[in-house]
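Take a look at the structure set out below.
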Amino acid sequence: MASRAFRPLPRFGLAATLSAAVSLTGCQAWLNDQYADSLPPTSGVQPIKGLAESVSIRRNSLGMPLIETTTFHDALFAMGYVHASDRISQMVGMRLLAQGRLSEMVGPGALEIDRFMRTVNLRQAADALYKGASPRTQRFFETYARGVNAYLYRYRDKLPMDLAESGYRPEYWKPEDSALVFALLNFGLAVNLQEELDSLTLAQKVGAEKLAWLTPIYPDEALPFDEADKLKGLKLSGQIPGLADIGTAVEQVAGLQMMGVAASNNWAIAPQRSRSGKSLLANDTHLPLSMPSVWNFMQVRSPKYTAAGVTIAGVPGVVAGYNGKLAWGMTMVMGDNQDVFLEQVRRQGGKLYYLADGQWKPAIERNETFFVKGQSPIRETVYETRHGPLLNSALLGARKNDLQPLPVSSSYGLAYQSIQAVSDKSLDAFFDLSRAKSVEQAFDATREVRAMPLNIVFADEKHIGWQVTGRFPNRKEGRGLLPSPGWDGRYDWDGYADPILHPSDQDPQQGWLGTANHRTVQPGYGAQLSSSWYYPERAERIAQLANASNRHDARSMIAMQYDQTTPFAAKLQAMFSAPGMATPLKQAIQALPDGQRERAREALDRLMAFDGKLAATSSDAALYEAFLQESTKQIFLDELGPEDSPAWKAFVENANLSYSAQADHLLGRDDSPFWDDVRTPQKEDKPAILARSLAAATSFCEQKLGADRHAWQWGKLHTYNWVSDSTKMAPYLDASQRAGLGAIKGYLDRGPYPAGGDHSTLNVSAYGWGKDFDTWLIPAMRIVVDFGQSEPMLGVNSSGQSGNPASPHYADGIDAWLKGDYMSFPFQPQNLDRVYGNKRLTLIPQK
């Protein structure tokens, strides 16, 4: 999915009274002791108001809970209680982020994030979702909320460290808050929002004429010059008040892992390709490295709801998993169901007006009040046009302070139009999917999911299926890849694609189905799902491995999930050896100065022999990845740099989101203007730049890893670091709080660990292409369901079950994730004790 997915949990840590001189062991022991009472018990009996009957909660060796109840009401109630006991800080953080209220807990450092989130107005989207849900589903949410509040009441004075030290007392949970979390997750799929904003930054640097070269779609399609033409003739430089501020806010929200992330693999193997003659399903959702993971494993056994899999703390129900009859998992479609419109705006008589079809119309005004910790309330106006809220409202309306200049009279507003705030039955549909008993019933449920664009793959014992969900706008003109002129109605939306056009498939002849955020339909398909897809290599690798055997089983599914071979290496080799490149490249290498020439030859020889396996211990993998980084800088830095400039940051960010100019230029685009190095008097071509890049890659490895080639290892450059949300929030805190966090960094964070893979491997481990090698994107969870096994479901999370650093299950899942030690989720009663033991917490109705 997921899940810019998403990154929900702001933490704030201790005050600076903790001394950095305290030994880590002593610090850990002292902090664990200080906050031991914030950990709910795992055994004994607890009376709880709101239960109908007794509830049993057992946990496996990694702390993942099994909830057993005799009523469906109590199952929902217990889900809320357990979610809160494991992840209350995460839930509170997601809610405040979605509401645009982080600064109430953090202080003024989070105000720009709040401005951005208030402007996009997820509360309106959540209200529409909740009102569209059936009375039955609303009752489910109400029961779940009562479970959350039972925990909040019991532990109101024993909250986890981050909440306790922040001084913020969480409000009780409302049923609508669960819909708000759902809306936040949906918003996190808006990959193209970031791309459109980044494109404006890039256009200001290189002009609309060259923008299409930096906005590639798949290499078999023409570059989007038609889209870039929409921006020609517009005076963008300096005419978009707040563009840099919006970019910063988006970057900050992305830093909290709640903006678009091209994420996830799923595939299903049909019976004819399995060892047992029964179906298999695998799903791993790619999300930013987080502590804790966004996902939360849970198993529920009740009369009307039995399921195991991953959940989102704050939302009732299993999101992806297995229910005894059906397995299901999801990835992002990369659906482009939002647009940014440039609006011509002007101020007159204290009002803001925007141009629409030749007439100046008054913008709709919405007043927002920000309660900032340690400051007086701030009141601001958000403006909306016919296309939606203006993301730069704060700089188009009244001044925030007397020192801020008024915007120029001929400014551009940036209106955000999305499918949010449309009422439908998506909440019901997700719940119905988790209770479906067959592929046919899964199709019936998923076709009703309109709020979120997903590739949902599902399987029962005999059949497999795939369904695209969501709501996709019909654009009168253009395709929404780049911002459109809002004053011209030619680019407006005209309803949505009929759901009958949403792609789907069942039991294909090839014997498998799979998605990896790649282009799943050909250009010209009846519904315009998107124009920006993720790199195709993961999908190509799924096809290679799925087709390689007719004897698939759980073991081969796990091997696929941990596979670190990239198909991109073979494509690079084909480019190097192509008839039009091989000789010019050798000539360009020969023309290099002494020293560089030998290094370039060494790099080319090794890359041509490279097997594409990006193991952490591989020397060739280190050189290969160094070449990818160095070539990016050699091709683009002269025109987009320096590396700390807004344009370069936008360029790097776009490469995180979809198929990029970096990859596109390496494999083709020999006629691109970016091959010329504008810093030199001569005109360079592609072979010349590639030759420089090869030499630079060898020099980089020598500098970073030493002269001994045998000592080079990809995992010495490329690592996993589990950084807590407290640490990630540090830039928004005051100096004393930052100092306190620094003193306990070792208590909150984990790593580094050597990493293999990259953005193009099934075992994804993406880094900023053009920035550094730090891993930011990983498979946040993994699920495998083998219907040929007596207990079909296996799963592993990417960090611990608990978000509380004092818990023994805060970080114990990391080792299991690194080693592939999956947990079993048994459905047969005789197997429950083996996994969950006999130790249990029993919740009983309080009289």
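Sequential numbering of the sequence shown, starting at 1109, is according to my numbering.
All residues carry an ideal CB built from backbone N, CA and C; glycine is no exception.
Here the structure is a predicted model, which means the values were calculated and not measured.
Query: Tell me whether P1083 is buried or exposed, calling it buried when 16 or more other Cβ atoms sit within 10 Å of its Cβ.; Result: The question about residue 1083 has no answer, for the chain in this structure spans 1109 to 1955.
Query: For a test of the three-state rule: what should DSSP assign to P1616, helix, strand or coil?; Result: coil
Query: Determine the extent of the alpha helix (DSSP H) in which G1201 is found, giving its start and end residues.; Result: 1180-1207
Query: Alpha carbon to alpha carbon, how far is L1637 from M1560?; Result: 12 Å
Query: Helix, strand or coil for L1736? Go by DSSP, reduced to three states.; Result: helix
Query: Taking the alpha-carbon positions, what's the S1127 to R1858 distance?; Result: A caution first: S1127 carries a pLDDT of 38, below 50, which makes its placement in the model unreliable, though a value can still be read off. Approximately 20 Å, taken between the alpha carbons.
Query: What is the DSSP secondary structure of N1168, reduced to helix, strand or coil?; Result: coil
Query: Helix or strand or just coil, what does DSSP make of S1382?; Result: strand
Query: For the pair the region 1245-1257 and the region 1282-1294, tell me if three or more CB-CB distances fall below 8 Å.; Result: yes
Query: DSSP beta-bridge partners for D1392?; Result: N1373, R1890
Query: For the beta strand (DSSP E) that contains M1716, what are its first and last residues?; Result: Careful: M1716 lies outside any beta strand (DSSP E), inside the alpha helix (DSSP H) at 1704-1717.
Query: Taking the continuous beta strand (DSSP E) assigned at T1526, which residues delimit it?; Result: Checking the sequence shown, residue 1526 turns out to be Ser, not Thr. Run containing S1526: 1519-1526, per the beta strand (DSSP E) assignment.
Query: Taking the CB atoms as reference points, tell me whether V1299 and L1765 lie closer together than 9 Å.; Result: yes
Query: State the Cα-Cα distance for the pair G1425 and W1830, rounded to the nearest angstrom.; Result: 27 Å
Query: For V1516 and Y1875, what's the separation of their Cα atoms in angstroms?; Result: Residue confidence for V1516 is low, a pLDDT of 43 falling below 50, so the modelled location carries little weight and cannot support an answer.
Query: Which residue's Cα is closest to the Cα of P1839: E1161, A1218, E1747?; Result: A1218
Query: What whole-angstrom Cβ distance do E1220 and Q1360 have, given they're in contact under 8 Å?; Result: 6 Å
Query: With DSSP as the reference, label W1138 as helix, strand or coil.; Result: helix
Query: Does the region 1161-1172 come within contact of the region 1375-1395, defined as at least 3 CB pairs closer than 8 Å?; Result: no
Query: Should S1685 be labelled buried (16 or more other beta-carbon atoms within 10 Å of its own) or exposed?; Result: exposed
Query: Examine the Cβ distances between the region 1341-1348 and the region 1400-1420 and report whether three or more of them are shorter than 8 Å.; Result: no
Query: Look up I1096 in the DSSP assignment and say whether it is helix, strand or coil.; Result: Given that the chain is displayed from residue 1109 to residue 1955, the structure contains no residue 1096 and the question cannot be resolved.
Query: Looking at C-beta atoms only, is the number of pairs between the region 1233-1245 and the region 1534-1553 that lie closer than 8 Å three or more?; Result: yes
Query: Could you give the residue range of the alpha helix (DSSP H) that holds W1822?; Result: 1822-1825
Query: Distance check for R1381 and D1661, CA to CA, integer angstroms please.; Result: 9 Å
Query: Let me check understanding here. Comparing Cα to Cα, which of I1891, A1755, T1179 lies closest to P1411?; Result: T1179
Query: For Y1430, name the three-state secondary structure that DSSP assigns.; Result: strand
Query: So, with DSSP's three-state summary, where would you put W1925?; Result: helix
Query: How should W1877 be labelled, buried or exposed, when 16 other C-beta atoms within 10 angstroms of its C-beta is the threshold for buried?; Result: buried
Query: What did DSSP end up calling P1332 once you bin it into helix, strand or coil?; Result: coil
Query: Skipping 5 residues on each side, what residues in its chain have a beta carbon closer than 6 Å to that of V1893?; Result: L1389, Y1430, A1435, P1900, M1901
Query: Does the distance from the CB of L1624 to the CB of R1646 come in under 9 Å?; Result: Rather than Leu, the amino acid found at residue 1624 in this sequence is Ala. Cβ atoms of A1624 and R1646: closer than 9 Å.
Query: Just the Cα atoms here: how many angstroms apart are D1552 and A1544?; Result: 9 Å
Query: On the DSSP bridge assignment, give the partners of H1660 in chain order.; Result: S1382
Query: Does the region 1607-1615 come close enough to the region 1568-1584 to have 3 or more Cβ pairs within less than 8 Å?; Result: yes
Query: Quick one: using the 10 Å Cβ neighbour count with 16 as the cut-off for buried, is Y1633 buried or exposed?; Result: exposed
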